Amino acid sequence: MGNTESHPPLDDVVVSNLPKRTQQRLSQAQSTTARHQPSSFSFFEAAAVARTPAPKPIQPSHRKPSSASPSTSSKSSSTDGHRRRPPPASSITRDSMASIPDAQLKLIFTEVAGRRYLTTPGTHHHLPCDDDETDRLVILHFLLKYAFKGNVIAPVIPKLKQSKAQVLDIGCGGGTWVLEMASEYPSAEFYGIDFLPSFPKSVKPTNAHFSQHNFLATLPFPNSSLDFVHMRFMLPVLTRTQLETILGEIARVLKPLGTVEIVDVDLRIQRPGTLCQSLLNDELRNAFQRNQIELLQSHQLSALLMSQSSGDGFVDIHQQQVTIPLGWGGQVGQVHAQCTESFYKSLSPTIRNAVKNKSPPITPSWQPTSDTEHYMMGLSDTAIEQAMKECLRFQSHLNWYTCYAQKSLVPPSALSSPHLLSSNSSSTTTTPSMRSATKMDPLPPHIGVTGQPDPMLDGNWDTINDFVDGYID
């Protein structure tokens with residue numbers, strides 16, 4: 001499955017745009033593993049060898065907020081959220097990409113314990129804006145590329161190879177996905193937009209373009225101008241209303257039969273221990289809900305696309321699930337656990353202070369010094385570390401989803417029933433190739449999820465191979 005047959009070495013332009021610390025870790029890990037696997041080394045293996053350090057509190061006066069973002073000397077700062085735009089492509093002119101007033105976003109940051117958080121009203125970005133977070137996202141990129149067997153799941157590669165395709169990445173972050181895709185498919189034009197300027201400014205392929213833009217308001221492209229729109233790990237920062245607005249904008253800018261692909265995680269730990277269930281599954285979700293964010297939207301992506309009614313709708317909707325272990329199952333599980341632990345530890349004080357642990361102190365893997373400590377510590381670093389140890393003990397995992405669809409040729413208003421949106425082709429489906437999975441070590445096989453029970457609700461697995469076998473009919 002997927003569009004990438006192998007995992008070639010990193011392109012030089014990608015490496016040059018990684019954070020300096022990531023480049024150092026990559027270099028160190030390469031020299032460490034060269035004696036054992038000189039021909040198959042990858043960035044993903046480097047992440048497993050050079051363990052991702054947990055974010056450490058650093059004095060604000062000595063910390064760089066981000067190597068690609070404006071520096072600040074005060075506790076709170078702001079910057080104009082719209083000053084750049086992507087260069088014109090063959091079918092997207094500079095005038096057509098000119099910004100509108102609603103697209104301007106004044107960025108306001110607050111620094112807490114050396115971490116820099118976006119606090120602009122109307123945004124819900126509860127992760128820091130600094131090099132530590134950029135580092136985590138780079139590792140997560142290669143983890144997902146390995147898990148999904150490529151940077152793209154939707155069948156769009158022939159179009160990227162054969163034509164001047166116009167491709168957009170929403171919430172591009174540091175731009176790693178855009179840089180890799182632009183290097184691999186030089187005949188296509190790739191655009192990355194984000195309201196945070198953490199993407200590269202200079203060293204990049206000529207067909208890679210980045211723009212600082214408030215995509216919560218609009219997308220800076222004319223109607224029916226894009227062939228492919230990609231969005232990944234954005235659900236934890238979007239309210240339901242914001243997500244629906246973005247989906248409407250995606251439908252507007254896509255060409256008829258253009259493709260959208262969304263990749264995200266269901267932040268509900270499967271097979272949890274007592275602490276994981278209480279702290280991370282229940283209380284953390286409640287804290288996000290109080291801040292207008294629903295963490296469990298990823299498995300509903302196909303339904304969201306099918307119900308999209310503003311402008312043009314979506315058809316031929318497919319959704320697939322990849323299960324990734326947390327801390328067990330080899331390098332994949334180890335790196336996934338590191339990224340997940342760092343995610344929890346990096347959450348803003350607004351979220352972490354709203355989490356209260358209400359479960360009784362009965363977790364065998366962790367005995368607190370007192371009942372008071374267990375009840376009051378909330379989402380502390382210690383509690384997160386103990387929760388991740390539970391994941392290893394109980395062989396817990398997270399489910400990642402990818403959903404792709406095409407823009408309809410016929411507006412939804414012309415159809416008599418919502419079900420007709422997908423009548424011309426298969427709606428969210430499980431294809432035979434997904435179901436007849438082969439054994440993969442250390443990653444479980446890729447499967448379709450629509451209409452299928454969650455195998456993780458039943459039984460136990462003593463080994464990773466038993467875990468894989470549990471998914472084969």
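full-length UniProt numbering puts the first residue of the sequence shown at 1, with every later residue one more than the last.
Glycine residues also receive a C-beta, built at the ideal position from the N, C-alpha and C atoms.
On a predicted model such as this, the values are computed, not experimentally measured, just so you know.
Who are residue i's beta bridge partners in DSSP?
i: residue 189; result: 166
i: residue 404; result: 261 and 318
i: residue 117; result: 110 and 128
i: residue 229; result: 168 and 260
i: residue 210; result: 192
Do you know offhand how far residue i's Cα is from residue j's?
i: residue 291; j: residue 164; result: 41 Å
i: residue 238; j: residue 293; result: 6 Å
i: residue 312; j: residue 136; result: 36 Å
i: residue 380; j: residue 334; result: 21 Å
i: residue 289; j: residue 162; result: 44 Å
i: residue 276; j: residue 327; result: 14 Å
i: residue 273; j: residue 234; result: 27 Å
i: residue 479; j: residue 390; result: In the structure displayed, the chain extends from 1 to 473; residue 479 sits before or after that span and is not available.
i: residue 114; j: residue 409; result: 50 Å
i: residue 150; j: residue 403; result: 14 Å
i: residue 232; j: residue 301; result: 12 Å
i: residue 210; j: residue 181; result: 13 Å
i: residue 477; j: residue 226; result: The structure shown does not extend to residue 477, since the chain spans only 1 to 473, so no value can be given for it.
i: residue 249; j: residue 303; result: 17 Å
i: residue 317; j: residue 230; result: 15 Å
i: residue 372; j: residue 206; result: Only weak support is given to the placement of residue 372: the predicted model assigns it a pLDDT of 42, under 50, and the value that follows is read from those uncertain coordinates. Looking at the two C-alpha atoms, the distance is approximately 58 Å.
i: residue 365; j: residue 332; result: Low local confidence applies: a pLDDT of 44 at residue 365 is under 50, so the model's placement there is unreliable, and no value is given.
i: residue 286; j: residue 111; result: 25 Å
i: residue 197; j: residue 262; result: 22 Å
i: residue 378; j: residue 184; result: 45 Å
i: residue 350; j: residue 187; result: 44 Å
i: residue 154; j: residue 259; result: 8 Å
i: residue 325; j: residue 338; result: 11 Å
i: residue 323; j: residue 195; result: 30 Å
i: residue 348; j: residue 117; result: 7 Å
i: residue 143; j: residue 243; result: 25 Å
i: residue 134; j: residue 213; result: 18 Å
i: residue 174; j: residue 130; result: 11 Å
i: residue 315; j: residue 344; result: 36 Å
i: residue 119; j: residue 125; result: 8 Å
i: residue 147; j: residue 255; result: 29 Å
i: residue 159; j: residue 228; result: 9 Å
i: residue 122; j: residue 298; result: 22 Å
i: residue 192; j: residue 240; result: 23 Å
i: residue 140; j: residue 330; result: 16 Å
Just confirm the distance between the C-beta atoms of residue i and residue j, as a whole number of angstroms; I'd bet it's less than 8 Å.
i: residue 282; j: residue 401; result: Contact doesn't hold; Cβ gap of about 21 Å is too wide.
i: residue 395; j: residue 271; result: 6 Å
i: residue 127; j: residue 346; result: 6 Å
i: residue 190; j: residue 156; result: Not really, about 12 Å apart at Cβ, beyond 8 Å.
i: residue 296; j: residue 387; result: Residue 296 to residue 387, Cβ: 18 Å. No contact.
i: residue 247; j: residue 308; result: 5 Å
i: residue 257; j: residue 406; result: 5 Å
i: residue 176; j: residue 138; result: 6 Å
i: residue 215; j: residue 170; result: 5 Å
Quick one: grab the DSSP three-state call for residue i.
i: residue 129; result: coil
i: residue 38; result: With a pLDDT of 37 at residue 38, under the threshold of 50, the predicted position of this residue should be treated as unreliable, though the coordinate-derived value follows. Residue state, collapsed to three classes: coil.
i: residue 326; result: coil
i: residue 183; result: helix
i: residue 137; result: helix
i: residue 144; result: helix
i: residue 398; result: strand
i: residue 254; result: strand
i: residue 346; result: helix
i: residue 153; result: coil
i: residue 159; result: helix
i: residue 379; result: coil
i: residue 205; result: coil
i: residue 332; result: helix
i: residue 410; result: coil
i: residue 355; result: coil
i: residue 222; result: coil
i: residue 248; result: helix
i: residue 234; result: coil
i: residue 217; result: coil
i: residue 239; result: coil
Quick check on residue i - is its C-beta less than 8 Å from some C-beta in chain D?
i: residue 266; result: Of the chains in the structure shown, none is chain D; there is only one protein chain.
| request: Give, in chain order, every unbroken run of the alpha helix (DSSP H) that is at least 4 residues long and sits entirely within the stretch 257-318. | output: 284-290 and 301-306
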